[in-house]
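Number of protein chains: 2
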Amino acid sequence: MKIGEIAARTGVSIRSLRYYDQLGLLTPIRRENGYREYSPLAEEQVKTIQLYLNLGLSTEQIAGFLNCVLKNKEAFCQEVLPIYRQKLSEIEAQIHLLQNIKLNLEERIRSILDERQTSEAEE
Amino acid sequence: MKIGEIAARTGVSIRSLRYYDQLGLLTPIRRENGYREYSPLAEEQVKTIQLYLNLGLSTEQIAGFLNCVLKNKEAFCQEVLPIYRQKLSEIEAQIHLLQNIKLNLEERIRSILDERQTSEAEE
DNA sequence: ATAAACCCTGACATTAATGTCAGGGTCAAG
DNA sequence: CTTGACCCTGACATTAATGTCAGGGTTTAT
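Structural data, given as structure tokens:
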């Protein structure tokens, strides 16, 4: 499919898709006329790229990841493993923090509701 | 403590600390001479900010979190209830997203380790 | 009181990812 | 054949976080 279609499907801008191409992150084949031709598989890859970008990984790191998966080469995987582990522990810490914040908020909401209840009872 | 000391303690550059101050993310008091004076609590806050940044959150989002949790300790409770509820659902969504990412990462790590195991067994 | 080691602000530079615009092909429909 | 909807490349703009440098105060130790 052409670049416009995959952009529409994935919600990623045409500009970004060309950028990924330029970086070698996601390289479509070219038609006779020079148009980029994306395979259906590319759709999934674009979404993967977006997921990891949202995670805060750089395109460079993502390129390492894609190499690992596509070629299943251990050398690439070795490089990428510590990055994953690092991210994983960051994410675990993040989840933990957010859960604390959540408890805190729930507590506060409950106490507001309690207070409201109390003042209603007084009337 | 002065900015240089907290920079050394946290590993965050002086430049960044001044930037956080400028954005209202972490605002130290000022001495007579204009120097920034950080409380010991600030050290923990700086680390929290860094964690969020490493996760790919923007300073704006971080400011939202910090405001949600640190500010509005007790006053204005009634008015603040819908804000709390809003924040709570945002946080729940965030936790959910992170848990998905976590599962995804764990999966990746596992498959890399499997691969390694397999190729060792082949030899 | 002078030097070293800090601190301040302000301005410009940089990197990454993306937006946007210009100038110009391609193609299908009328 | 022309029009409109695509596509191409290239260049400049932008945003976020940070680096760096200039010009100028302050503090501390000798």
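These protein sequence lines are chains W and A, in that order.
Quick note on UniProt numbering: the first sequence kicks off at 1 and runs consecutively.
Quick note on UniProt numbering: the second sequence kicks off at 1 and runs consecutively.
Glycine included, every Cβ here is placed at the ideal spot set by N, Cα and C.
- Distance between glutamine 45(A) and glutamate 106(W), taken at the CA atoms: about 22 angstroms.
- Serine 39(W) and leucine 88(W) have their C-alpha atoms spaced approximately 31 angstroms apart.
- In this chain, the alpha helix (DSSP H) harbouring glycine 4(W) covers 3-10.
- Excluding residues up to 5 positions away in sequence, Leu17, Tyr38, Ala42, Glu43, Val46 lie with their Cβ nearer than 7 angstroms to the Cβ of isoleucine 6(A) in the same chain.
- With respect to chain A, the C-beta atom of leucine 25(W) has no partner C-beta closer than 7 angstroms.
- Inter-residue distance for glycine 24(W) and leucine 25(A) is about 37 angstroms (C-alpha atoms, whole angstroms).
- Checking the DSSP bridge columns, you'll see arginine 30(A) partnered with Arg36(A).
- The Cβ neighbour count for threonine 10(W), taken over all protein chains shown within 10 Å, is at least 16; the residue is labelled buried.
- Within the UniProt domain "HTH merR-type" (1-68) of chain A, contact with chain W at the beta-carbon level (separation under 9 angstroms) is assigned to Thr48, Leu51, Tyr52, Leu53, Asn54, Leu55, Gly56, Leu57, Phe65, Cys68.
- If the five residues before and after lysine 2(A) are omitted, its C-beta is found closer than 8 angstroms to the C-beta atoms of Tyr35, Arg36, Glu37, Tyr38, all from its own chain and listed in chain order.
- With respect to the 7 angstroms criterion, isoleucine 95(W) and leucine 51(A) are not classified as neighbours on the basis of their beta carbons.
- Where leucine 23(A) is concerned, the enclosing alpha helix (DSSP H) starts and stops at 14-23.
- In the DSSP annotation of this structure, the continuous segment of the alpha helix (DSSP H) that includes leucine 51(W) starts and ends at 41-54.
- Look at leucine 113(W) here: in three-state DSSP terms it is helix.
- For the C-beta of glutamate 92(A), the chain W residues within less than 8 angstroms are, from N- to C-terminus, Lys102.
- The three-state reading of DSSP puts serine 89(A) in helix, counting H, G and I together.
- Taking a contact as a CB-CB distance under 8 angstroms, the pair arginine 85(W) and isoleucine 112(A) does not count as one, their CB atoms being some 10 angstroms apart.
- Contact with chain A is absent for arginine 110(W), since none of that chain's Cβ atoms lies less than 7 angstroms from the residue's Cβ.
- Straight across, the Cα-Cα distance linking proline 82(A) with asparagine 104(W) is about 15 angstroms.
- With a cutoff of 7 angstroms on beta-carbon distance, leucine 55(A) and glutamate 90(W) are scored as near each other.
- Per DSSP, reduced to three states, the secondary structure at serine 119(A) is helical.
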